[in-house]
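Asker: The numbering used here numbers the first residue of the sequence shown as 41 and each following residue consecutively. Each residue gets a CB set at the ideal place from its N, CA and C atoms; glycine is no exception. The structure that follows is given in the form of structure tokens.
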Amino acid sequence: MELYLYNTLTRRKEAFKALFEDYVGLYTCGPTVYNFAHIGNLRTYIFEDVLKRVLQYNGYRVRHVMNITDVGHLTGDRDMGEDKIESGATREGKSAWEIAAFYTRAFQDDIRRLNIMEPDIWCRATDSIPEQIDLIQRLEAKGYTYRTSDGVYFDTAKFKDYTKLSHQRLESLQEGARVEKNPEKRNPTDFALWKFSPPHVRRQMEWESPWGVGFPGWHIECSAMSMKYLADHLDIHCGGTDHIDVHHTNEIAQSEAATGKKFFNYWMHGAFLIVRGGKKMAKSAGNFLTLDSTFVKKGIPPLAYRFATFQTHYRKPMEYSEEGIAAARNGLSHLRHQVRPLMEAAPEGTEKVDPGRVHAEFREKFLAAVNNDLNMPVALAVVQEMLKSKITPGEKRATILDFDRVLGFLLAESVRPAALPPEIERLAAERRAAREARNWALADRLRDELRQRGYTVQDHKDGMKVIKET
Ligand code: AMP
Ligand code: ZN
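Right under this line is the structure:
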């Protein structure tokens, strides 16, 4: 069955064709690690996870690269303002490196709790400075760059088709870009490839370059690292819709100018999570909810958020509400109730999908839904139709476990908890000992460490229990 995906480049749903048979190169723009991710950001990462799982469900092997932006993303959109990481460091009285390391871990913790599959490659911008410098030199050699007093810029007027992703008239893009004026720029849409450290300031993150000491602009990292870890021309590149006009437009311009090849064939974008009144959830807007504050601290399983996001197609804005989350929590718990008797009836050790028993007709229906540009609301309806149908419990079990490869609700694990891995047993034993020795600081540290690995500790009067979060 064909897989249809909506391509922002063409503004159409297209039958997906991989460049190399059954292999897909996927690049997803990762977080800027100066604060916790909010659940709006996480909505985008869940959409990308579903995309990856659907590709795999269709038999593709996916090589997935995600970057960590730990330098160069400024507080103003157009290469103006402070570096977000350095401003986070000032805010918290830590070093820029500590801030980046701390929020990278927090992000990885969040995506694990949402059962988002890890990328094959995590790459930090600060680990690929030479590749970024090299790419800027290639652009320089081809005459696409110019220098100003504060950096090296890309001349967007030299790249024809600058608006091919945004589909906007150049004048309207320029109008938007004019807000933050930099009189030395030749065109309002030009963007920094390299920025100089300000005179007499020693930044925490800065490097030597052929143009002077400084740091890379935000956009160049994604081009350099997708060429480094994937190739010059690959299949799918994703992010949130806010990336269309500036970040991805600039990535395309600089990559295609340097290589002379098309950069990615498909560009896919997830719509925003919004709050009542239509405002987008944003770190700067003060309406910023995290997975911890909205779910974990309230005892709501994070996977309820995964379920909640499946109620709305990824290209439609989703409105956050407590009622919506409560409904999703009930929906997930109802699903688990439906699956439990199917699993319990199965002999031990048969949690794996038995492909022979997957119900072909329902699989076809489910596949039709997810292959229609990842239509998860319809996919969830197929799940209910299948579970309420008259097919045998064995077929239902095999079929729901097969669907769960895309849904990612950990349905088998949630019904029959597996024994704790030895490493977790060891940490649990150490924590028991710390509690008995009344070493509360160590006990707290071990509880956090278990939580980082996805296990919740419950303290009771007569002991403690360690439970895998699902
Ligand atoms: P950032 O950490 O700001 O670079 O953003 C990480 C990802 O979240 C990017 O792909 C953004 O496009 C996306 N994003 C930002 N705000 C929202 C939102 N309110 N809803 C959905 N995605 C968002
Ligand atoms: Zn990017």
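How far does the beta strand (DSSP E) with TYR360 in it extend, from its first residue to its last?
Answerer: Looking at the DSSP string, TYR360 is not in any beta strand (DSSP E), and its letter there is neither H nor E.
Asker: What's the call for LYS92, buried or exposed, on a 16-neighbour Cβ count within 10 Å?
Answerer: Answer is buried; the Cβ neighbour count reaches 16.
Asker: Count the other CB atoms, across all protein chains shown, that sit within 10 Å of the CB of SER168; report buried if there are 16 or more and exposed otherwise.
Answerer: Buried: at least 16 other Cβ atoms inside 10 Å.
Asker: Provide the residue span of the beta strand (DSSP E) that contains VAL64, from first to last.
Answerer: Here the beta strand (DSSP E) through VAL64 covers 63-68.
Asker: Mind pulling the beta strand (DSSP E) runs of 3 or more residues that sit fully within the segment 203-237?
Answerer: You should have 231-236.
Asker: Tell me whether TRP258 sits in a helix, a strand or coil according to DSSP, three-state version.
Answerer: In the structure shown, TRP258 sits in a helix (DSSP, three-state: H, G or I).
Asker: Is VAL393 closer than 7 Å to LEU441 when the C-beta atoms are compared?
Answerer: For LEU441 and VAL393, yes; Cβs fall inside 7 Å.
Asker: ALA468: buried (16+ other C-beta within 10 angstroms of its C-beta) or exposed?
Answerer: Under this definition ALA468 is a buried residue.
Asker: Could you tell me the distance, in whole angstroms, from the CA atom of ARG164 to the CA atom of GLU180?
Answerer: C-alpha separation (whole angstroms): 24 Å.
Asker: Ignore the nearest five residues each way along the sequence and tell me which others in GLU470's own chain have a CB closer than 7 Å to its CB.
Answerer: LEU486.
Asker: Can you give me the Cβ contacts of MET358 inside the same chain, cut-off strictly under 6 Å, excluding the 5 residues immediately before and after it?
Answerer: Contacts found: LEU313, THR352.
Asker: By the three-class DSSP mapping on this structure, what secondary structure does GLU54 have?
Answerer: It is a strand residue.
Asker: Candidates VAL506, ARG466, GLY65: which alpha carbon is nearest LEU274's?
Answerer: For the residues VAL506, ARG466, GLY65, the minimum Cα distance to LEU274 belongs to GLY65.
Asker: Between the segment 443-456 and the segment 82-100, can you find at least three pairs of beta-carbon atoms closer than 8 Å?
Answerer: The segment 82-100 is in contact with the segment 443-456.
Asker: Starting from the Cα of ALA311, find the closest Cα among CYS262, ASP149, LYS320 and give me that residue.
Answerer: Checked all of CYS262, ASP149, LYS320; the closest Cα to ALA311 is LYS320.
Asker: Pull up the distance between the alpha-carbon of LYS134 and that of THR115, whole angstroms please.
Answerer: Cα to Cα, LYS134 sits roughly 18 Å from THR115.
Asker: Quick check: does the Cβ of ASP282 come within less than 6 Å of any heavy atom belonging to the ligand AMP?
Answerer: Yes, the ligand AMP has a heavy atom inside 6 Å of this Cβ.
Asker: Nearer than 6 Å: is that true of the beta carbon of ASN411 relative to any heavy atom of the ligand AMP?
Answerer: Answer for ASN411: no, Cβ out of range of the ligand AMP.
Asker: Considering ILE79, what are the terminal residues of the beta strand (DSSP E) in which it resides?
Answerer: It is not in any beta strand (DSSP E) - ILE79 instead sits in the alpha helix (DSSP H) that spans 79-97.
Asker: Anyone know if the C-beta pair for ASP230 and ASP195 falls short of 7 Å?
Answerer: Yes, the Cβ-Cβ distance between ASP230 and ASP195 is below 7 Å.
Asker: Could you tell me the distance, in whole angstroms, from the CA atom of GLY279 to the CA atom of ILE365?
Answerer: About 24 Å.
Asker: Identify the continuous beta strand (DSSP E) that holds HIS101 and give its terminal residues.
Answerer: Looking at the sequence provided, one finds Arg at residue 101 rather than His. That run of the beta strand (DSSP E) goes 101-108.
Asker: The beta strand (DSSP E) with ASP332 in it runs from where to where?
Answerer: Note, ASP332: premise wrong, no beta strand (DSSP E); alpha helix (DSSP H) at 331-334.
Asker: Would you decide whether LEU213 is buried or exposed? Buried here means 16 or more other CB atoms lie within 10 Å of its CB.
Answerer: With 16 or more other Cβ atoms within 10 Å, it is buried.
Asker: Any beta carbon of chain D sitting closer than 7 Å to that of LEU210?
Answerer: Of the protein chains in the structure, only one exists, and it is not chain D.
Asker: With DSSP run on the structure shown, which of helix, strand or coil describes GLN498?
Answerer: GLN498: strand per DSSP, three-state reduction.
Asker: Should CYS163 be listed as close to the ligand ZN, given that the test is whether its C-beta is under 6 Å from any heavy atom?
Answerer: No, the beta carbon of CYS163 sits no closer than 6 Å to any heavy atom of the ligand ZN.
Asker: Whose CB is closer than 5 Å to a heavy atom of the ligand ZN? List the residues in chain order.
Answerer: Cβ atoms closer than 5 Å to the ligand ZN belong to CYS69, CYS262.
Asker: Let me make sure I understand the geometry here. Which of GLN208, ALA77, TYR74, PHE142 has the alpha-carbon closest to that of LEU49?
Answerer: Nearest of GLN208, ALA77, TYR74, PHE142 to LEU49, Cα basis: GLN208.
Asker: List the DSSP bridge partners of ASN415.
Answerer: DSSP output for ASN415 lists no bridge partner at all.
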